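A.B. asks: Can you read through this structure? Questions will come right after.
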Amino acid sequence: GSDIQGGLKCKSECCPAQKGYCRGACKLDINPNACFVTCLGGRGCDFESTGLTCDDFGTFSAGPNEMCGSDIQGGLKCKSECCPAQKGYCRGACKLDINPNACF
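Going left to right, the sequence shown walks through residues 821 to 924 as this note's numbering numbers them.
The following block contains the structure:
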């Protein structure tokens, strides 16, 4: 969307190209989805302009304060796919807790 990248008239071509760059740049980050969203945002791209799908957020892994429905988890568009993935994660994470039902 910037003038250097051709302005708004080229945003529809530029942002999908940034998707690959940002995914690669964030691959080894401790929180790759947060890095990915930050990288895209820093380039003026969002969910729609980049052509993202919920599959682009993988297993919806994220930090403890990054809830389903947040940008880092694909926004409201991906909430219905994110919650079941988190359920599986929480079951496993709480398995050894002294009170697994309360943990879950």
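In this text, a Cβ means the ideal position worked out from N, Cα and C, and glycines have one as well.
Computed from a predicted structure; not experimentally measured.
Buried or exposed for THR873, going by 16 or more other Cβ atoms inside 10 Å?
C.D. replies: exposed
A.B. asks: So, helix, strand or coil for ASN853, using DSSP?
C.D. replies: helix
A.B. asks: Check GLY821 in the structure and name its three-state DSSP category.
C.D. replies: Bear in mind that the predicted position of GLY821 carries a pLDDT of just 48, short of 50, making it unreliable; the figure below should be weighed with that in mind. Coil at GLY821, not helix or strand.
A.B. asks: Secondary structure at CYS898, three-state DSSP: helix, strand or coil?
C.D. replies: The three-state reading of DSSP puts CYS898 in helix, counting H, G and I together.
A.B. asks: Below 7 Å CB to CB, which residues in the same chain sit around THR870 once its five sequence neighbours on both sides are set aside?
C.D. replies: CYS835, PRO836, GLN838, LYS839, LEU860
A.B. asks: Let me know the secondary structure DSSP gives ASN919 once reduced to three states.
C.D. replies: coil
A.B. asks: How big is the Cα-Cα spacing for CYS914 and CYS830?
C.D. replies: Here the C-alpha atom of CYS914 lies approximately 47 Å from the C-alpha atom of CYS830.
A.B. asks: Exposed or buried, ARG863, counting other C-beta atoms within 10 Å across all chains shown (16 or more means buried)?
C.D. replies: By the 10 Å Cβ count, ARG863 comes out buried.
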